[in-house]
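One structure is given here, and the rest of the page talks about it.
Chains as they are written, first to last, in the working numbering: chain A, 1 to 367; chain B, 368 to 734.
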């Protein structure tokens, strides 16, 4: 567990928590049951998980970075993050959503450092440039510390996207960039008309799923707004750590599955939002690659050996074979070591139907 | 060269000539510079070349079957047709179109058997059922023998295809199936309006590029209508055979490149056409596979491990990897050992643009 920490500058109490438990199927054939998106390299040299940890390094050293995931990914995480201290890998006793998951992470960190402020990041987002991100993170840490508020990162919408929840901003706390607001309310994924209206008002941000809070503030918020989670965590308390005892695991398993937004953020009146002015992409499907990979004049993005003749707005990813395309538009073509995906960009979400079909047919080779 | 043949029943004078010199690029990535279409397996166990020879077996034994091609395919042909007698492989001194090529083949066969009737088949067509084909071939042999005519096979058009030359039929010679007509005229590939008109009249057939004639009749026809070719073949005469001497090769090389249709068929007034009532496909591009391979209820054709979800009229050919497609229409996806082709069916002819581009980039690995 490491020794308890007291005192030191504010920076010494900054902790990072990377959530690496996702099991998405939208990146098939690259993502697999045993290798979800966060373990893929979508750009550059590093996997999304590695990038997420490396992105924090300027503010949070690896010794104060934690990764939380289910037991099955333990080995994969160790392989991708060999420098992560063993005790900084928190194994979820059961997948119960981000509410119980982050409550547990906060307890682990609070036992080490009662003055800790923890910043939470999904392991599968693409963010750049790093300097802008770091500035926002510094402001978020300061806000969480001085205001004792629950801080979330909102992203300035680039379009009426219906795939995200939105945050309506209230009174401004900080007017210089990055701006900070009190949160007026969280809203679920809207329909397109509503999303367009949100965009016009200029008062809505995308809910990015990234948060910063003091660990004691989160504990108190859970006690106030999600007492069942708080109690379960209390009873776990002697047992929290990299591995949780069987009895404690059963308590955790009995919890409802609930996201931290629902458990706490939507209910608390001390929620602040930092307006993230960095480029942010949650890499929701292969279609996202046209905004992550470089594109040619016709909007074609390609990785590996790719030949796009008379094509427009296509995405192609080769694993070794030459992908040669003639006369197609808005198409995704992805080669993996044992499969080839072909679908229109607009159907990129339906890649999960392939996974469903393969599952139904028990064709485990490709799952 | 084998001993000269005289006498025997008419069947003993039947010879087959399979033209295996094609160098098409429309079946990339399966067809390559060194392995054109005729050496590919498009259905069943055998390559198109093997199928072409096997299809003749009921009427023409392998001992009387000849294959004509350029020297570079000699080894490939030997591998695909191990039972073909060595002396039955005729090497074209140079590619000068089907006129000189078939003139040469006729000379080779006439030296063996002056009463020979030779039937000519491109090595890269798909034909079924065999019984119907054999019946037509028997009638064609009989017509070529009794009428001393140049016989061609016409195919009843199934649509206003603009990719074929057409044959206008004249007076009927035989009114029972398969019908035989004197040819009124040959016409080049028409535009679509003309093709539709041809179809309406019911008097036009597709020019299939398959012929039957007595070797002496072809020799005389060449003397009448293409004396330059006849003379070149005369001067070659001592040298014709599997390999042609250097001096003879130079004579052949100086010939104009001309198809047999132009050299002889369009000019002779003794041309008959047998109306082929078998299924015939010249396998002009990957798009042809929807009529050759079995299709599902949505019109999707697939070979190998293929998953077509919510797809319509697609063609997919896997070489080992699972090809999984969602929500696409009229698309061709072909995997080879080192490349993947993706193009709309309607652009299947443009596959050659890939080959052109790779050639320009000197990317010989994929050529």
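Built from N, CA and C at the ideal position, the CB exists for glycine as well.
Here the structure is a predicted model, which is why all the values come from computation and not from measurement.
Give me whichever residues DSSP pairs with residue i in a beta bridge.
i                      : result
residue 154 of chain A : A/207 and A/275
residue 308 of chain A : A/325
residue 118 of chain A : A/15 and A/213
residue 710 of chain B : B/699
residue 684 of chain B : B/670 and B/701
residue 456 of chain B : B/434
residue 234 of chain A : Answer by DSSP bridge pairing: none, since residue 234 of chain A is not bridged.
residue 128 of chain A : A/279
residue 262 of chain A : None, per the DSSP bridge assignment.
residue 564 of chain B : For residue 564 of chain B, which the question treats as bridged, DSSP gives no partner whatsoever.
residue 427 of chain B : Its beta-bridge partners do not exist; DSSP assigns none.
residue 172 of chain A : A/181
residue 662 of chain B : B/668
residue 166 of chain A : A/187 and A/206
residue 35 of chain A  : A/32
Please report the distance separating the alpha-carbon of residue i from that of residue j.
i                      : j                      : result
residue 432 of chain B : residue 385 of chain B : 8 Å
residue 168 of chain A : residue 356 of chain A : 36 Å
residue 645 of chain B : residue 423 of chain B : 14 Å
residue 81 of chain A  : residue 36 of chain A  : 16 Å
residue 629 of chain B : residue 466 of chain B : 8 Å
residue 367 of chain A : residue 358 of chain A : 7 Å
residue 388 of chain B : residue 44 of chain A  : 47 Å
residue 636 of chain B : residue 614 of chain B : 35 Å
residue 369 of chain B : residue 407 of chain B : Confidence at residue 369 of chain B is low in this model, with a pLDDT of 44, below 50, so the placement of that residue is unreliable and no value is reported for it.
residue 172 of chain A : residue 721 of chain B : 57 Å
residue 266 of chain A : residue 249 of chain A : 27 Å
residue 164 of chain A : residue 332 of chain A : 22 Å
residue 665 of chain B : residue 310 of chain A : 27 Å
residue 453 of chain B : residue 381 of chain B : 19 Å
residue 352 of chain A : residue 28 of chain A  : 8 Å
residue 427 of chain B : residue 421 of chain B : 9 Å
residue 710 of chain B : residue 323 of chain A : 11 Å
residue 107 of chain A : residue 326 of chain A : 56 Å
residue 51 of chain A  : residue 258 of chain A : 27 Å
residue 537 of chain B : residue 522 of chain B : 15 Å
residue 618 of chain B : residue 574 of chain B : 30 Å
residue 93 of chain A  : residue 145 of chain A : 30 Å
residue 704 of chain B : residue 533 of chain B : 38 Å
residue 181 of chain A : residue 272 of chain A : 6 Å
residue 587 of chain B : residue 472 of chain B : 14 Å
residue 451 of chain B : residue 429 of chain B : 6 Å
residue 232 of chain A : residue 46 of chain A  : 37 Å
residue 176 of chain A : residue 160 of chain A : 25 Å
residue 10 of chain A  : residue 138 of chain A : 11 Å
Relative to the alpha-carbon of residue i, which residue among the options has its alpha-carbon at the smallest distance?
i                      : options                       : result
residue 26 of chain A  : A/363, A/283, A/249 and A/326 : A/283
residue 179 of chain A : A/50, A/14, A/152 and A/107   : A/152
residue 657 of chain B : B/443, B/627 and B/696        : B/696
residue 379 of chain B : B/489, B/450 and B/482        : B/482
residue 642 of chain B : B/479, B/377 and B/524        : B/524
residue 292 of chain A : A/128, A/9, A/105 and A/30    : A/128
residue 558 of chain B : B/688, B/529, B/430 and B/548 : B/529
residue 75 of chain A  : A/34, A/186 and A/285         : A/34
residue 288 of chain A : A/224, A/205, A/188 and A/347 : A/347
residue 397 of chain B : B/712, B/729 and B/708        : B/708
residue 464 of chain B : B/499, B/376, B/501 and B/576 : B/576
residue 211 of chain A : A/204, A/137, A/120 and A/139 : A/120
residue 551 of chain B : B/572, B/701 and B/562        : B/572
residue 516 of chain B : B/391, B/440, B/730 and B/584 : B/584
residue 305 of chain A : B/732, B/592 and B/490        : B/732
residue 102 of chain A : A/134, A/196, A/213 and A/224 : A/213
So is the beta-carbon of residue i under 7 Å away from any non-hydrogen atom of the ligand GTP?
i                     : result
residue 94 of chain A : The model depicted lacks the ligand GTP and carries no ligand whatsoever.
What is the C-beta distance between residue i and residue j, in whole angstroms, given that I count them as a contact (C-beta under 8 Å)?
i                      : j                      : result
residue 89 of chain A  : residue 67 of chain A  : 5 Å
residue 508 of chain B : residue 484 of chain B : 6 Å
residue 69 of chain A  : residue 77 of chain A  : 6 Å
residue 566 of chain B : residue 596 of chain B : Between residue 596 of chain B and residue 566 of chain B the Cβ distance is about 34 Å, and since that is not below 8 Å, they are no contact.
residue 318 of chain A : residue 303 of chain A : 7 Å
residue 315 of chain A : residue 345 of chain A : 7 Å
Using a Cβ cut-off of 8 Å, which residues of the stretch 349-362 of chain A contact any Cβ in chain B, in chain order?
-> Against chain B - using a Cβ distance shorter than 8 Å - the residues of the stretch 349-362 of chain A are 350, 351, 353, 354, 357 and 358.
Contact residues within the stretch 373-405 of chain B, judged by C-beta distance below 9 Å to chain A = Taken in chain order, the members of the stretch 373-405 of chain B whose beta-carbon sits within less than 9 Å of a beta-carbon on chain A are 395 and 396.
Could you run through the stretch 314-326 of chain A and flag, in chain order, every residue whose CB is less than 7 Å away from some CB of chain B?
-> Those would be 321, 322, 323, 324, 325 and 326, in chain order.
Using a Cβ-Cβ cut-off of less than 7 Å, give me the residues of the stretch 646-677 of chain B that come near chain A, in sequence order.
-> Residues of the stretch 646-677 of chain B with a Cβ closer than 7 Å to any Cβ of chain A, in chain order: 674 and 676.
Between the stretch 325-341 of chain A and chain B, which residues of the former have a C-beta closer than 9 Å to a C-beta of the latter?
-> Of all residues in the stretch 325-341 of chain A, only 325, 326, 327, 328, 331, 333, 335, 336, 337, 338, 339, 340 and 341 come within less than 9 Å of chain B when Cβ atoms are compared, listed by chain position.
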